[in-house]
Structure formats: C-alpha cells, structure tokens
Amino acid sequence: FPAATSETQEQDEEMVQKYLENYYNLKSDGKQIERRRNSGPVVEKLKQMQEFFGLEVTGKPDAETLNKMKEPRCGVPDVAQ
Amino acid sequence: FVLTPGNPQWKDTNLTYRIENYTPDLPRADVDHAIENAFQLWSNVSPLTFTKVFEGQADIMISFVRGDHHDNSPFDGPGGNLAHAFQPGPGIGGDAHFDEDERWTNNYLEYNLYRVAAHELGHSLGLSHSTDIGALMYPNYIFSGDVQLSQDDISGIQAIYGPSPNPIQPTGPQTPQTCDNKLTFDAVTTIRGEVMFFKDRFYMRANSFYPEVELNFISVFWPHLPNGLQAAYEVVDRDEIRFFKGNKYWAFQGMKMLHGYPKNIHRSFGIPTTVKSIDAAVSDENTGKTYFFVAKKYWRYDEYKQSMDAGYPKMIADDFPGIGNKVDAVFQKDGFFYFFLGTRQYKFDPKTKRILSLQKANSWFKC
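One line per chain: the protein sequences are D and H, in this order.
Our numbering puts the first residue of the first sequence at 33, with every later residue one more than the last.
Our numbering puts the first residue of the second sequence at 17, with every later residue one more than the last.
Structure below.
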C-alpha cells in the first residue's frame, strides 16, 4: 500500500475537521487538526463518531473512519432553534 | 433508534404537506409519487395521516434548494449533504429541504428521491439518526433496491406516536446481529480468499485485518443482485462468484457482473425443471466439481466439462453422513466443507466423509 502523500493527508485532515464541525458540533478555531494529538475535542468527537457507526473506537482518523466520512449523508439541522 | 433531543412531536396526528417547487431531474409526477410514498411508509405504521395541500402554509413544507438557502445550514454542492429536515414545530419545523445540486432519480442510481425523502420525513416527525445500518434513519445514503421501514424505524415512530390503528400491527425487517446465537444464513461463499455470509439484504464479512465484522447491504457490492439470496459459490480458477435465487443465477468477477446474466439454472447446469431453487452450493477447487444441494438430494456438476455428472441426484445423507436433510449454506476452505443448518455449522472432511466438528453458525465472527 503506497503511503499517502502529504497533500492527501492535508485533504483528509480538512475533511475530518469539516465533518466533525458539521455533524458533531466541533467548535472551529480556524486551525487544522494538530497531528499526534491524542486528547482534546477532536479526538473525543472522533470517538463519538466511531462509536455511533460501530467502527473501532480509536480516536484516530483511520482509513475506515475516513471512508465512512466520505459517504454521502443526511445533513444535520434536524434541530430547529 | 434515537429520538430527537427534547422529544419534539406533532400534537395533531393529521398533518398537511406541500411541495413548494420541483426538481427538474424528474417528471413532476415522479416527485409527487416519491413524496407520497415516503409519507405512506410512516402512516402505515403509526396513527399519523398526511394530506397534500397546494397552497398556503402546510405543516411540512418540501422544497428543492441549493447552496445557502437562508436556514443557517447551507448545502454544499454535489455529493456530501444530500438533504436535511427540521424537527416537529411551527414555521420551519417539519420542513424538508433537498439539495438541488444532487441528481435525483427514481431508480438505483444516485440519489433515489424516495429513499432520501423517507429518511428526511422521519426527522420531520421527530426521529433522529439511528445507529442501525438497516434502518431508514441511518444517516448515510444506502439504497438497497427497495425502500422499507426496518423494525428499528417502526419502533422509533411508535415510541413517539403510539401503535398503528391497524388491528394487525405492522412489523419490519430486523438487521442481523452478528453475535446473535439464533443467527442463520441464506448463503455463504469464499470470495477472493475471504468468506462472505449472506442474510436477507445484508452481507457479513469477517476479515482478520479488522477487529469488527463488516455488516452492510449486498447492494453496496452488487447492486444488480436481489435480496434474500439462496445459494452462492466461487469458482476459484475462473475468479467467478455465482449467486442463486429461484431459478436464476448471476455471475460476477469481483463487483462486475458478467455479460448475459441472470441466466436460468435449468438451461445452464442441466438441473431438472422440477427444481425450483437451490438451497446451497459449493465448488471443490481441487476437483472442479460443484455440488448443488436441493432438499434431501444433491447434484454434482463438472466445471471443466461444463456438464452435470451422471448418476445424480443422490441423497445427501448417503454421501455426507450426519449432515441431514436440508442445507442452508455451504462453503469450502482449506479442503474442508463447512455446512450450515439453522444455527449449527458442521466442519466436514470430503475425503474421509466424516464430520470433524460442530459449531455455532456464527463461529467465524469471534463473538
């Protein structure tokens, strides 16, 4: 399996960030996800997402998690405020 | 199922809806039909009724919009978000928006409007996203050829609005639980070194690289296949998988359906026309012989000669002692046959004609 290029990694990080902001109410501070981070809101939200979809709960954006995030889905504003 | 936080619900069970505009992707009648059918799914299993109105404010307003459409939740162009809907309530409450940047269809191509509408209306009625992949309220788009409420969806809507007034309570399909002791299979086969198990609309796949058993719709890999397969086998030499239902079978290389399928089992294999369906099938990769199991009997087909061997059918009980009278599924791995009968699984050595072990049918799932 060829290693992902840095460009792909950056795109994936952006996607993870956007996904968690859209669907898991992650508050954006305009920064990309920090690498090698093993705690904090991103990891917590990732764990929530992985648990919901029955994936292995790692808190990391592994291939299976990324694939699930790439699937088209229903948007989030289910709650009218 | 998951209810929307705060458990919002409609007080009146007789609701109105209006289609504010139409997508150009489909004839208007098809849009009307998709939306009407989507409402009907929910009204069939609950006390709710839905009446279409053509002007003024309805409880549930339906529209096709793109990009920023002034509800604080802009759409994102093709793919990604397909649609969204608001929880029960006045004004925007209950409304369903479909992203006009998607291509809406009335078939298996992406994205089937009926399928997406059925999901969104679940939100309009107070349901949130379910974790059950077989439920309509699962958040990701999956189209398995038919649109139906699962038991999870029915339990969810009835938790909010109570049961259907129909004297016969509707039920829906359950999603298989891989570690359910009562789990049985429709068919099992090897596919390019893996083993795949089939049940109703779903496949299950245990892979040593992943800790969890993968459970998903058969249509994810093979959108042309029907649900409820009855048998499947792999011809390893040809890298071909064959799936059976009724008197038809479909052949694939990987995910690609081979030309000219489905074909008829009687004409292709010489199985008598009195046989209406195959219970189970397996091809011995060492001999090129394929075994078709039908009730108490079995036939043997030669994959090299492409003809049925003489002297068949024979009784399963005579040549597979201990296997019994009817087989649900069978596959071959490492020279052994694994027979599935209800919740039991027999490891059988075809050389010695002996059963080597008895296990639960779902033993491959490391429960």
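Just so it is clear, CB atoms sit at the ideal spot from N, CA and C, and this is done for glycine as well.
If we cut at 8 Å on Cβ distances, does residue i have a partner in chain D?
i: I86(H); result: Here the sequence assigns His to residue 86(H), which means Ile is not the residue at that position. Closer than 8 Å: no.
i: A50(H); result: no
i: S160(H); result: no
i: L98(H); result: yes
i: G95(H); result: yes
i: P155(H); result: yes
i: H135(H); result: yes
i: S284(H); result: no
i: N89(H); result: For the sequence presented, residue 89(H) should be read as Ser rather than Asn. Yes, its Cβ sits closer than 8 Å to a Cβ of chain D.
i: L31(H); result: no
Going by DSSP in three states, residue i sits in which element: helix, strand or coil?
i: R424(H); result: Residue numbering for chain H in the displayed model covers 17 to 383; residue 424(H) lies beyond these limits and cannot be assessed.
i: R254(H); result: helix
i: D168(H); result: helix
i: A99(H); result: strand
i: Q375(H); result: strand
i: H113(H); result: strand
i: D202(H); result: coil
i: T97(D); result: helix
i: L58(D); result: coil
i: E230(H); result: strand
i: R217(H); result: coil
i: D360(H); result: In the sequence under discussion, the amino acid at residue 360(H) is Arg, which differs from the Asp named in the question. Reduced to three states, the DSSP call for R360(H) is strand.
i: W266(H); result: strand
i: F352(H); result: strand
i: F381(H); result: helix
i: M271(H); result: coil
i: A248(H); result: strand
i: T40(D); result: helix
i: R82(H); result: coil
i: D365(H); result: strand
i: M77(H); result: strand
i: K79(D); result: helix
i: M153(H); result: coil
i: F85(D); result: coil
i: K13(D); result: In the structure displayed, chain D extends from 33 to 113; residue 13(D) sits before or after that span and is not available.
i: N30(H); result: strand
i: K102(D); result: helix
i: I51(H); result: helix
Check whether the Cβ atoms of residue i and residue j sit closer than 8 Å, and answer yes or no.
i: N243(H); j: K264(H); result: no
i: L129(H); j: N122(H); result: yes
i: E301(H); j: Q348(H); result: yes
i: F353(H); j: P337(H); result: no
i: L98(H); j: R105(D); result: yes
i: T20(H); j: L137(H); result: no
i: I170(H); j: G188(H); result: yes
i: F233(H); j: I158(H); result: yes
i: Y277(H); j: W266(H); result: yes
i: K376(H); j: N197(H); result: yes
i: T39(H); j: F80(H); result: yes
i: E83(D); j: V89(D); result: yes
i: A297(H); j: T306(H); result: yes
i: F355(H); j: F201(H); result: no
i: Y314(H); j: I287(H); result: no
i: F259(H); j: L241(H); result: yes
i: D117(H); j: R82(H); result: yes
i: P24(H); j: G107(H); result: no
i: V61(H); j: Q174(H); result: yes
i: V346(H); j: V204(H); result: yes
i: T210(H); j: L87(D); result: Note that residue 210(H) corresponds to Glu in the displayed sequence, not to Thr. No.
Mind pulling the chain H residues with CB within less than 8 Å of residue i?
i: E88(D); result: Y226, P227 and E228
Against chain H, does residue i count as a neighbour if the rule is that its beta carbon must be under 8 Å from one of theirs?
i: G107(D); result: yes
i: E103(D); result: yes
i: D94(D); result: no
Any heavy atom of the ligand SAM within a distance shorter than 7 Å of the CB on residue i?
i: I78(H); result: As for the ligand SAM, it is missing from this structure, which has no ligand bound.
Chain D partners of residue i, CB-CB under 8 Å?
i: T147(H); result: F84, F85 and G86
Completely contained alpha helix (DSSP H) runs for the segment 276 to 323 of chain H, where each covers 4 or more residues: 281 to 285
Length-filtered (3 minimum) beta strand (DSSP E) runs lying within the segment 322 to 349 of chain H: 345 to 349
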